[in-house]
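Participant:
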């Protein structure tokens, strides 16, 4: 058993590494190392990147000829600490389409720098992907969107107080000043709606609010978010969208509403509820994404 000072020192070192600032200009060198680590395992060139949110990792079971790379084998990546996140990069084929999946994202509330939070989607781009699908578990702000609702993200509110574009820019990767009017691709959203209709899966559209976390929202905050136009709220996704657009990726996303917002039911919120809702509704979302990916490949 390691002695107490050693374990404390290791924990402190990990915390420092997570929080070390990563400016956009720092990303190319870091991505070079990550690409080399992936290419040592597989030469598959993905067309689509998919980020799997809390409780939504089941889609990974459908990947054909999977190559799984634990975060520990990727330089600079810490372990995923959020429950329901496996902590690995997965490359293979989904319905014959080459894909790369992230099973376990990095969150700001874990103490991660924004540059680390978005590094996976930037890696998707460097590996060859041109489209990214972001999924998440979210709380329902719109009272009409109860647990189990699937919501295509039409727009977002970045209320984290953070951006992955802070600091010196990497002009070879993207423009510093990003226009986010069409951050959530209109054609991809239409494709998701068509895929859901073909599968007989109800799908809503709405605005996702990204907060820092890790505490859940107060009833007053939920009322504020509703007044601002939010339909769902979570602790991820918005920085990934910003970075993906900066890097030239087309972006779409789906939120799985796992619980009613604070104050709607009078019941306390728990992460176990989030995971349980993900397990129940995850297969429906997986069907939609499989059909959507197949349609993109055919198009």
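Residue numbers (this note's numbering): 98 to 396.
Using N, Cα and C, we set each Cβ at its ideal position, and we do this for glycine too.
State the CB to CB distance for the pair residue 128 and residue 220, rounded to an integer number of angstroms; the pair is presumed to be in contact (CB under 8 Å).
Facilitator: Contact flag correct, Cβ pair sits at about 6 Å.
Participant: Based on Cα-Cα distance, which residue from 125, 252, 151, 377 lies nearest to residue 203?
Facilitator: Ranking 125, 252, 151, 377 by Cα distance to residue 203 puts 151 first.
Participant: Measure the beta-carbon distance from residue 160 to residue 215 and round it to whole angstroms, keeping in mind my assumption that it falls under 8 Å.
Facilitator: That pair is no contact at about 23 Å.
Participant: Since residue 285 contacts residue 347 with CB under 8 Å, what's their CB separation in whole angstroms?
Facilitator: The Cβ separation is near 6 Å, so the contact holds.
Participant: Taking just the CA atoms, how far does residue 114 sit from residue 209?
Facilitator: Roughly 8 Å between the two C-alpha positions.
Participant: Whose C-beta lies closer than 6 Å to the C-beta of residue 322 among residues of the same chain, with five residues either side of it excluded?
Facilitator: 238, 306, 330.
Participant: Measure how close the beta-carbons of residue 352 and residue 270 come, nearest whole angstrom, since I'm counting them as under 8 Å.
Facilitator: That pair is no contact at about 27 Å.
Participant: Out of 288, 262, 301, which has the shortest C-alpha to C-alpha gap to residue 276?
Facilitator: The residue with the shortest Cα to Cα distance from residue 276 is 262.
Participant: Using the Cβ count rule (16 or more neighbours within 10 Å means buried), how would you classify residue 341?
Facilitator: Residue 341 should be labelled buried.
Participant: By how many angstroms is the C-alpha of residue 303 removed from the C-alpha of residue 137?
Facilitator: For residue 137 and residue 303, the distance between alpha carbons rounds to 40 Å.
Participant: Determine the DSSP secondary structure at residue 202, reduced to helix, strand or coil.
Facilitator: Three-state DSSP puts residue 202 in coil, outside helix and strand.
Participant: Please report how far the alpha carbon of residue 293 lies from the alpha carbon of residue 155, in whole angstroms.
Facilitator: Using only the alpha carbons, I get a separation of about 18 Å.
Participant: Following the continuous beta strand (DSSP E) through residue 248, name the residue where it begins and the one where it ends.
Facilitator: Residue 248 -> beta strand (DSSP E) spans 247–255.
Participant: Any chance you could list the beta strand (DSSP E) runs of at least 3 consecutive residues sitting entirely within the segment 213–286, in chain order?
Facilitator: The qualifying runs are 228–237, 247–255.
Participant: Can you tell me where the alpha helix (DSSP H) holding residue 320 begins and where it ends?
Facilitator: Its alpha helix (DSSP H) spans residues 316–325.
Participant: Considering only their Cβ atoms, is the gap separating residue 141 from residue 188 smaller than 8 Å?
Facilitator: The answer is yes: Cβ separation under 8 Å.
Participant: Hey, quick one: how far does the alpha helix (DSSP H) through residue 304 stretch, first residue to last?
Facilitator: Where residue 304 is concerned, there is no enclosing alpha helix (DSSP H), although the beta strand (DSSP E) it sits in stretches over 301–307.
Participant: Indicate whether residue 265 and residue 122 have their beta-carbon atoms separated by less than 8 Å.
Facilitator: Their beta carbons are under 8 Å apart, which means residue 265 touches residue 122 by this criterion.
Participant: When you compare each of 165, 358, 325 to residue 313 by their alpha carbons, which one comes out closest?
Facilitator: Residue 358 is the option with its Cα nearest to residue 313.
Participant: Of all the options 364, 395, 343, 126, which has the alpha carbon lying nearest to the alpha carbon of residue 315?
Facilitator: Among 364, 395, 343, 126, the Cα nearest to that of residue 315 is on 364.
Participant: Reducing DSSP to helix, strand and coil, say where residue 153 ends up.
Facilitator: Note: residue 153 maps to coil in three-state DSSP.
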